[in-house]
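Visitor:
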Amino acid sequence: MSNYSVSLVGPAPWGFRLQGGKDFNMPLTISSVSKLYKFYYRCSFSA
Numbered sequence: 001m002s003n004y005s006v007s008l009v010g011p012a013p014w015g016f017r018l019q020g021g022k023d024f025n026m027p028l029t030i031s032s033v034s035k036l037y038k039f040y041y042r043c044s045f046s047a
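The sequence shown begins at 1 in the numbering used here and counts up by one.
Below you can see the structure in the form of structure tokens.
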């Protein structure tokens with residue numbers, strides 16, 4: 001697992017879905033990214 005820091009500027013929608021977190025006793029992860037929104041174009045992903 002990798003850790004990343006993300007800073008987003010501007011109003012939503014950013015184009016990603018979060019899953020997990022403190023309430024679920026799970027790491028907070030990005031579960032999906034839409035190619036239609038700014039988050040996809042500001043980040044680079046590798047499999």
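Cβ atoms here follow ideal geometry from the backbone N, Cα and C, with glycine treated the same way. Given the structure is predicted, the values throughout are model-derived calculations rather than measurements.
1) What are the start and end residues of the beta strand (DSSP E) that includes G20?
2) Under the assumption that F16 contacts S2 (Cβ atoms under 8 angstroms), give the Cβ distance between them as a whole number of angstroms.
3) Starting from V33, follow its DSSP beta bridges and name the residues at the other end.
Guide: The structure says:
1) F16 to G21
2) Not a contact, Cβ separation roughly 16 angstroms.
3) DSSP, once it has assigned bridges, lists F16 as partnering V33.
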